[in-house]
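Remarks on the structure that follows.
Residue numbers (the UniProt record's numbering): 1 to 181.
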């Protein structure tokens with residue numbers, strides 16, 4: 001896939017994905033993958049996605065109001081080193097989202113990190129998570145990252161299996177500290 005125009009502020013745009021890959025057709029704003037089954041659209045999140053993103057977040061045990069989701073989408077859309085992608089069916093129903101960030105670290109240079117991945121519980125197991133992860137990885141490469149880090153709660157064993165199938169390796173166990181400011 002060729003990168004979108006790097007001079008565009010939010011160059012990824014939306015693109016169409018059809019499941020069960022047969023062939024790939026690309027331009028700078030749209031990726032069409034020929035398939036035998038369903039069509040999906042992957043695009044940058046918009047303000048109108050706030051309610052479904054809030055609802056999907058609950059499936060990850062994260063309480064997020066529609067107003068908070070709308071604010072997060074708005075703020076993320078203003079920065080160049082963070083993105084939220086949604087996947088929707090051709091009926092324009094959002095079935096999942098991924099949040100990805102890229103930042104510079106003193107010891108390792110540009111690093112990409114998964115900020116969250118949620119697929120509607122009724123749409124899991126059909127490749128939507130893989131599609132969103134591949135989108136996030138492509139975005140991260142365009143930002144200059146050679147790796148993607150994923151943190152996953154120890155109780156999410158199904159997620160761990162998914163990430164391992166995607167080629168991710170466990171490389172560290174750590175204690176995470178948090179302080180309310």
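Just so it is clear, CB atoms sit at the ideal spot from N, CA and C, and this is done for glycine as well.
Might you give, ordered along the chain, the residues of its own chain that have their beta carbon closer than 7 Å to the beta carbon of residue 56, omitting 5 neighbours on each side? Excluding five sequence positions before and after residue 56, the CB atoms of its chain that fall closer than 7 Å to its own CB belong to 96, 97, 118, 120, given in chain order.
Can you have a look at residue 173 and say buried or exposed, based on whether 16 or more other CB atoms are within 10 angstroms of its CB? Exposed: under 16 other Cβ atoms inside 10 Å.
For residue 132 and residue 89, which I take to be in contact (beta-carbon distance under 8 Å), what is that distance rounded to the nearest angstrom? Residue 132 to residue 89, Cβ: 14 Å. No contact.
Report the three-state DSSP secondary structure of residue 122 (helix, strand or coil). Three-state DSSP puts residue 122 in a helix.
Taking only runs of the alpha helix (DSSP H) that begin and end inside the region 133-179, which ones reach a length of at least 4 residues, in chain order? Taking only runs of at least 4 residues, the alpha helix (DSSP H) segments lying wholly in the region 133-179 are 157-165.
Closest residue to residue 153 among 45, 47, 60, 87 (Cα-Cα distance): Closest in alpha carbon position to residue 153, among 45, 47, 60, 87, is 60.
So for residue 101, helix, strand or coil by DSSP? Three-state result, residue 101: strand.
Can you name, in chain order, every residue of its own chain whose Cβ lies under 6 Å from the Cβ of residue 104, other than the five neighbours on each side? Excluding sequence neighbours, residue 104 sits near 110.
Under three-state DSSP, which class holds residue 45? Coil, per DSSP.
Proximity of residue 94 and residue 42 at Cβ, strictly below 8 Å: One thing to note: residue 94 has its Cβ no nearer than 8 Å to the Cβ of residue 42.
Assumed close pair residue 54, residue 73 - CB separation to whole angstroms, cut-off 8 Å: That pair is no contact at about 10 Å.
Three-state class that DSSP yields for residue 64 in the structure shown: Of the three classes helix, strand and coil, the one that applies to residue 64 here is coil, per DSSP.
Report yes if the CB atom of residue 148 is closer than 8 Å to the CB atom of residue 114, and no otherwise. Their beta carbons are under 8 Å apart, which means residue 148 touches residue 114 by this criterion.
Report yes if the C-beta distance between residue 85 and residue 45 is below 8 Å; otherwise report no. Result yes, Cβ atoms of residue 85 and residue 45 sit closer than 8 Å.
From which residue to which residue does the beta strand (DSSP E) around residue 89 run? Note, residue 89: beta strand (DSSP E), 82-89.
Would residue 150 and residue 163 qualify as a contact pair, given that the criterion is a beta-carbon distance under 8 Å? Here residue 150 is near residue 163, since their CB atoms are less than 8 Å apart.
Contact belief for residue 76 with residue 83 at Cβ below 8 Å, rounded distance in angstroms: Rounded to the nearest angstrom, the Cβ distance from residue 76 to residue 83 is 7 Å, consistent with a contact under 8 Å.
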